[in-house]
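*Asks:* Numbering (the UniProt record's numbering), first residue to last: 1 to 198. By construction, the Cβ of each residue, glycine as well, lies at the ideal position given by its N, Cα and C atoms. Remember, it's a predicted structure, so these values are computed and weren't measured experimentally.
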């Protein structure tokens, strides 16, 4: 089965694009959503988190102590690298499990991941899509959605590769700035993947 990775910076609208693909009957694996779930469900990951960052990584109720982890990794690249080294393999395991549940008649699947290129998971896909939007528009979307400041959003963006860095790595591109129909762009790629013309 054809595996298509899809990514984009914060506020690019990659989730919206995925929803359009879903209306066409295409199964989508949301890596970032899955990561939140496996942080408490994947026993290998939980054990690794506690060994690496301490028992206080989790609350007494067994929930991830997000403020504690964020405080450790936000300004410490070494700690962030350690976190990613634990989480990314767990997400890969979750993806493999999810794949086993996908109907065999699905023409292809999408794997949505903010860190598709950074994590190296694009190598496990047959093709990749990059969703882009201008910085100003992304900032407007995220500050309005998350009720956060531009400075906070820019700090999060700084942890990811830029669109300019991702563009040469992507096979396909969707522009989400309102200048072109998002639906028509998705339909064109959908037909391309059905026909396997690439």
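Less than 8 Å separating the beta-carbons of residue 42 and residue 93?
*Replies:* Their beta carbons are under 8 Å apart, which means residue 42 touches residue 93 by this criterion.
*Asks:* By a C-beta neighbour count over all protein chains shown, 10 Å radius and 16 as the cutoff for buried, is residue 8 buried or exposed?
*Replies:* The residue in question, residue 8, is buried, as its Cβ has 16 or more Cβ neighbours within 10 Å.
*Asks:* Measure the beta-carbon distance from residue 176 to residue 131 and round it to whole angstroms, keeping in mind my assumption that it falls under 8 Å.
*Replies:* That belief holds up - the Cβ atoms of residue 176 and residue 131 are roughly 6 Å apart, short of 8 Å.
*Asks:* Can you give me the C-alpha to C-alpha distance between residue 60 and residue 45, rounded to a whole angstrom?
*Replies:* Between residue 60 and residue 45, the C-alpha separation is close to 17 Å.
*Asks:* Would residue 133 and residue 11 be called neighbours here (beta carbons separated by less than 8 Å)?
*Replies:* Yes. Within cutoff.
*Asks:* Going by DSSP, what residues sit across from residue 221 in a beta bridge?
*Replies:* This structure does not reach residue 221, given that the chain is present from 1 up to 198, and the question cannot be answered.
*Asks:* Decide if residue 138 is buried, meaning its Cβ has at least 16 other Cβ atoms within 10 Å, or exposed.
*Replies:* Residue 138 is buried by the Cβ-count criterion.
*Asks:* Starting from residue 172, follow the beta strand (DSSP E) in both directions and report where the run begins and ends.
*Replies:* 172–175 is the extent of the beta strand (DSSP E) around residue 172.
*Asks:* Run through DSSP, which three-state label would residue 23 get?
*Replies:* If DSSP states are grouped into helix, strand and coil, residue 23 belongs with the helices.
*Asks:* Taking C-beta to C-beta, are residue 114 and residue 121 nearer than 8 Å?
*Replies:* No, the pair does not count as a contact, with Cβ atoms beyond the cut-off.
*Asks:* Are residue 91 and residue 80 touching if we call contact CB-CB under 8 Å?
*Replies:* Cβ distance not < 8 Å, so residue 91 and residue 80 don't count as in contact.
*Asks:* Considering residue 40, what are the terminal residues of the alpha helix (DSSP H) in which it resides?
*Replies:* Run containing residue 40: 31–41, per the alpha helix (DSSP H) assignment.
*Asks:* Between the segment 99–118 and the segment 153–165, do at least 3 Cβ pairs fall closer than 8 Å?
*Replies:* The segment 99–118, when compared against the segment 153–165, does touch it at the 8 Å Cβ threshold.
*Asks:* Would you kindly report the start and end of the unbroken alpha helix (DSSP H) that includes residue 70?
*Replies:* 66–73 is the span of the alpha helix (DSSP H), which, as asked, contains residue 70.
*Asks:* Should residue 17 be labelled buried (16 or more other beta-carbon atoms within 10 Å of its own) or exposed?
*Replies:* So residue 17 ends up on the buried side.
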